[in-house]
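Below is one structure; the comments refer to it alone.
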């Protein structure tokens, strides 16, 4: 797969979108080791703020960077295999689709993978 920077602004739902993005442009955001296991880091991808997480099992996840509830920095949140927990008010969000088991507004999730040691996020 060829990874290129998009020259167009990202489209689709805004900060409070609810669906995983399946179409878009892949972007290299950094090296995998920039995100330690069990932590998240924020990146700007083609003008979109994205939080990328590497779980302790090695899996990668990417979401919008700000919590839809009060704008908390999700890259600083707690993670487990099933959910992300916002650091401000402890709202939880599923990795699979961004929905909140507690009924909060959903967050946007993005496809992410590792390619030759690079983090690639599709926005």
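Numbering (full-length UniProt numbering), first residue to last: 1 to 123.
Positions of the beta carbon are idealized from the N, C-alpha and C atoms, including for glycine.
In this text, all values refer to a predicted model and were calculated from it rather than measured experimentally.
Just to confirm, are residue i and residue j a CB contact at a threshold of 9 Å?
i, j, result
"residue 84", "residue 30", "no"
"residue 70", "residue 42", "no"
"residue 52", "residue 112", "yes"
May I have the straight-line CA-CA distance separating residue i from residue j, to the nearest angstrom?
i, j, result
"residue 32", "residue 60", "9 Å"
"residue 55", "residue 77", "12 Å"
"residue 115", "residue 26", "11 Å"
"residue 23", "residue 122", "8 Å"
"residue 39", "residue 28", "18 Å"
"residue 91", "residue 67", "9 Å"
"residue 105", "residue 117", "33 Å"
Identify which residue in the options has its Cα closest to the Cα of residue i.
i, options, result
"residue 73", "95, 45, 88 and 103", "88"
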